[in-house]
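Right, one structure below, let's go through it.
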Amino acid sequence: MIFWEIAKRNIRINVLRSSLAMLGIVIGVVAIASMGILGNSLVASVADSLSSVGDSVIITPYSGGGGHSFGSAGSSVNLKITDQNFQQIKRVAAPNVAIPVYQTAEHMKIGVGSDDIVAVIYGLPPEDVPDLLKLQDGVYNNGNSGCLIGPTFAKDHDLKVGSRISIGTNGDKGTLRVMGIIEERGMSFDISTDSALVVTKEWFENTYNRDADYDQVVVKVKDGDTAGMKIAIEKQLNKRKDMKIVNVMDSKATLATIYSTFGMVTTFVTAIGGISMVVAGVSIFNVMMMSVTERIKEIGIMRSIGTQKKEVMSMFIYEAAIIGVVGSTIGGVMSVVAGYAISALVLNTTKHLFTIANALSVAEGMGFGIVICLACGFYPAWRAANLNPIDALRHE
Amino acid sequence: MSEQPVMVFQDVVKVYPLPAGDVTALDGVSFQVDRGEFISVMGPSGSGKSTLLNLMGCLDTPTTGDIYISGTRIGDMSDIELTNLRRDRIGFIFQYFNLFPLLNIIENVTFPMMLKSQKAVDPEKGKEVLRSVQLEDSLFTHTPTELSGGQQQRVAIARALINSPDILLCDEPTGNLDSKTGAGIMDLMTELNRKGTTIIMVTHDPHIAEYSRRTIRIADGRIVS
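Chains as they are written, first to last, in our numbering: chain A, 1 to 396; chain B, 1001 to 1225.
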C-alpha cells in the first residue's frame, strides 16, 4: 500500500537520522540478548558441572546450623551418624535405598618412587555402589583389595584399570588395585568422586577402625518426592527442636534454588540491558516526533484530500516498525556474535551457545526492540492522525 | 425534474469560541451551486473566505445552519464520513500545489484513487488524466520538485480530478504562479468547466475571477453580492 511505500521512502530520505535511531535499537537488543545468552550459558555451564545427582536426599550429622558443605572431606570430624540413626533412616526411606557413606582424606602413592599425594576416599557398601555411580571403564569392585577411581584422578595420575595405589603415608594401609573408573559426575551434593577413590565399606571400617558411624547417608528417592522424604526423615530423627541429630538436604530443592538464583542474576543483568532499550525508545520517540513535526503540512494535505486518520497513523507506525524490525534483526544477529564472544571470554566455552534458551533470549531481545519501537512510535502517529486538517494545512 | 444542486448553504453560521470572546466568521450565509457552474468567491482578508472554503471542503462543520454536498447534509457526519466525502466528491487545488515530495507524479495523481480502492491502481488512469491537463509523458516519473510551478499545478489539478469529483474547490490556484502560467492554468480550468466540471474558486484577484461565470462577494462574514 502507498503508506508503506511513503514510510520506506521517508526512512531512506532521512537515512542518517533513521540509522541512528536503529543503532539505539541494535544496542538495546544486543544488550538484552547477549546478557540473556551469558546468563543462560552460565546456568548451563553450572548445570554441566553439577552432576546428575538425580533425586536424592543427603543426610549429614547435625553441625549446629552450619549446614552441609558438599564435597568437604572430614567436614564432620567428630560428628557421625550412628548405626541406630542409620537404621531409622533406612526404615523411613524404605523401599528406597539408603546408602551409608564413610569419607576421609588419605595420603597415597602411585607407583614406586612417586610423590605422596592426598585424595578423598569414600567407603560404600559394594551392593549400593551401582545405585550411586556409573562406570566408564572396568567393573564394580566387590573385594577388599580393589577400588574404583574418579576420571579426573585417573587422568591426573595416568591410572588405568589394573593400576595399583599404595594407601597410607608409607603404604602402611595396603595396596589397592583399580577395578573400574567412574563416569564423570561433576560437582555433587552427595559424594564428589571425580578426584576420589571409592572402596568397600568393609575395607574402610577395617583400615580406619570405624564401626557403623557414618559421615553421611544418601537416600535415592525413586518416586522423585525428595521433599516428602526430607520431611519424613526430619520428623523421625529431629523430633526435638532443641536437639537436632541430622541435617537433611533435598538435592532437587537445592538444585532448584541454585537455578532460581542464577535465573534471578540473569533477569537482573537482562534488566540492566533493558535500560539501554529504554534509551533507544526515547530516541525513536524523538525521531518520530521530528518526522511528524516536519510533515504537518503533508498530513494536512493528505487529510484534506480524503486520507483517514487511521491511514495517517499507519504511515508513522510503519516507519517505527521498519526501524524496529531492521534494528532488531541486526541486533539479533549481533547479539549471537556478542554472546559467542562473551561466553568464550567469561566462561571459556561456547558449547552452551546454540540452545533453545539462548534462541529465546535473542527472540526476547528482538521482540522487546520491536515492541519498544511500536510503543514509542504510537503517540507521534496518534498525534499526526489527530491533527486538525485546517491547522495542519496552514502550517509552514 | 431539475438536477440536484451540488452544494447548498442554508443560513450557515460559523462561530469560533476564543478566550477573548466568540468570533463570528460567517453570519447566516446562504447560496447554492448548481452542477456545471464556475463560481469565484471574492472578499478582503478576514471576510470569512477561508472559513467558507473550509466548510465547502468539508474540513469543518457549521455552528448552525445546514450544508448539503450533492444532497448529503454534512452537519451530523462523523470524521470518517466527512473524509470519505472529501475523497469521493471534492477535488482540492491549493495555492502552493501541495504535492507529496516523496511520491512521483503518477503516484501523486493516483494517490486519491488508492485511498478509494484501498489497493494498487492502474497507472494508466493517472496518465490519462495527466495528459488531459496537458502534461508531457516524459514528466510522469519525475518528482514534484523537478517540475515548474505551472507543471506542478497541472499535476495538482489532475490529482483533484482523478476520482471524478462533483466539485473542484480551488484556493487561489494561480496565486503562486506568474501571470502567463496563471493564465494557462485558468484556460485549463475554463476548459474543464466547459466539459462539465463544477468549479468553485476562492481568489482575491479580480482578473482571475473574470474567468468564472458567477462571483460571490463576501464581507464581514456575509454575502454582499
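Where a beta carbon is used, it is the ideal one built from N, C-alpha and C, also for glycine. What you are looking at is a predicted structure, and each value in this text was computed from that prediction instead of being measured.
Check whether residue i and residue j have beta carbons under 8 Å apart
i, j, result
"G332 of chain A", "L38 of chain A", "no"
"L1099 of chain B", "A1156 of chain B", "yes"
"E1037 of chain B", "R1222 of chain B", "no"
"V1129 of chain B", "I1162 of chain B", "yes"
"N40 of chain A", "S283 of chain A", "no"
"M315 of chain A", "I6 of chain A", "yes"
"L1177 of chain B", "R1154 of chain B", "no"
"Q1152 of chain B", "F1111 of chain B", "no"
"A1025 of chain B", "T1051 of chain B", "yes"
"L132 of chain A", "L124 of chain A", "yes"
"G1175 of chain B", "Q1095 of chain B", "yes"
"L347 of chain A", "L159 of chain A", "no"
"G1071 of chain B", "Q1118 of chain B", "no"
"F1009 of chain B", "V1041 of chain B", "no"
"I81 of chain A", "V246 of chain A", "yes"
"V178 of chain A", "C147 of chain A", "yes"
"N1084 of chain B", "I390 of chain A", "no"
"I1067 of chain B", "V1012 of chain B", "yes"
"I32 of chain A", "G365 of chain A", "yes"
"F3 of chain A", "E298 of chain A", "no"
"I1039 of chain B", "I1200 of chain B", "yes"
"T200 of chain A", "P126 of chain A", "yes"
"K1049 of chain B", "G1043 of chain B", "yes"
Residues bridged to residue i (per DSSP)
i, result
"S56 of chain A", "A:K220"
"A1219 of chain B", "B:R1222"
"V1015 of chain B", "B:T1024"
"Y214 of chain A", "A:I81"
"N247 of chain A", "A:T60"
"Q1010 of chain B", "B:D1066"
"R1214 of chain B", "B:I1039"
"Q1032 of chain B", "B:V1008"
First through last residue of the alpha helix (DSSP H) which encompasses residue i
i, result
"D137 of chain A", "It is not in any alpha helix (DSSP H) - D137 of chain A instead sits in the beta strand (DSSP E) that spans 135-138."
"T329 of chain A", "309-342"
"A280 of chain A", "251-293"
"F1097 of chain B", "Taken as a continuous stretch (DSSP letters only), F1097 of chain B belongs to no alpha helix (DSSP H), as it is neither H nor E."
"S304 of chain A", "296-304"
"F3 of chain A", "2-13"
"V1129 of chain B", "1123-1132"
"M187 of chain A", "Here M187 of chain A belongs to no alpha helix (DSSP H), and DSSP marks it neither H nor E."
"L1135 of chain B", "That residue, L1135 of chain B, is in no alpha helix (DSSP H); it is neither H nor E in DSSP."
"E234 of chain A", "226-237"
"V1209 of chain B", "The residue you asked about is not Val; residue 1209 of chain B is Ala in the sequence shown. Run containing A1209 of chain B: 1206-1209, per the alpha helix (DSSP H) assignment."
"L132 of chain A", "129-132"
Bounding residues of the beta strand (DSSP E) (the contiguous stretch that carries residue i)
i, result
"A105 of chain A", "97-109"
"G146 of chain A", "146-149"
"A196 of chain A", "196-200"
"G123 of chain A", "116-124"
"R177 of chain A", "175-182"
"I165 of chain A", "164-167"
Among the options, nearest to residue i - alpha-carbon criterion
i, options, result
"A21 of chain A", "A:A357, A:S276, A:F354", "A:S276"
"V198 of chain A", "A:I181, A:K220, A:Y214", "A:I181"
"A119 of chain A", "A:I233, A:P95, A:D156", "A:D156"
"P1062 of chain B", "B:I1069, B:Q1032, B:G1075, B:M1007", "B:G1075"
"I121 of chain A", "A:V161, A:T82, A:T193, A:G369", "A:T193"
"T60 of chain A", "A:S34, A:N348, A:M289, A:D190", "A:D190"
"E396 of chain A", "A:I99, A:E294, A:V279", "A:E294"
"V287 of chain A", "A:G228, A:A320, A:K134", "A:A320"
"R1105 of chain B", "B:S1138, B:L1082, B:L1085", "A small correction: the amino acid at residue 1105 of chain B is Ile; Arg does not occupy that position in the sequence shown. Of the candidates B:S1138, B:L1082, B:L1085, the one whose C-alpha sits nearest the C-alpha of I1105 of chain B is B:S1138."
"I165 of chain A", "A:T270, A:A33, A:M108, A:N388", "A:M108"
"G28 of chain A", "A:G324, A:M229, A:S304, A:L345", "A:G324"
"V1114 of chain B", "A:R9, A:N238, A:I305", "It should be pointed out that residue 1114 of chain B corresponds to Met in this sequence rather than to Val. Comparing Cα positions, the closest option is A:I305."
"S1184 of chain B", "B:H1142, B:G1196, B:I1208", "Reading off the sequence shown, one finds Gly at residue 1184 of chain B, where the question assumed Ser. Ranking B:H1142, B:G1196, B:I1208 by Cα distance to G1184 of chain B puts B:I1208 first."
"Y1211 of chain B", "B:S1179, B:G1057, B:D1122, B:T1190", "B:T1190"
"N85 of chain A", "A:F268, A:D242, A:S335, A:D213", "A:D213"
"R303 of chain A", "B:Q1032, B:P1173, B:D1060", "B:D1060"
"T1143 of chain B", "A:K309, A:V269, A:R9, A:T226", "A:R9"
(request) Ignoring anything shorter than 3 residues or poking outside the region 1137-1203 of chain B, list the beta strand (DSSP E) runs there in chain order. (result) 1167-1171, 1198-1202
(message) Beta carbons nearer than 8 Å to chain E: which residues of the region 9-26 of chain A have them?
(response) Checking the listed chains, one finds no chain E in this structure; the protein chains it contains are A and B.
(message) Please give the ranges of any alpha helix (DSSP H) in the region 335-391 of chain A, keeping only runs that are unbroken, at least 4 residues long and fully inside the region.
(response) 356-385
(request) Any chance you could list the beta strand (DSSP E) runs of at least 3 consecutive residues sitting entirely within the region 1034-1115 of chain B, in chain order? (result) 1038-1042, 1064-1069, 1090-1093
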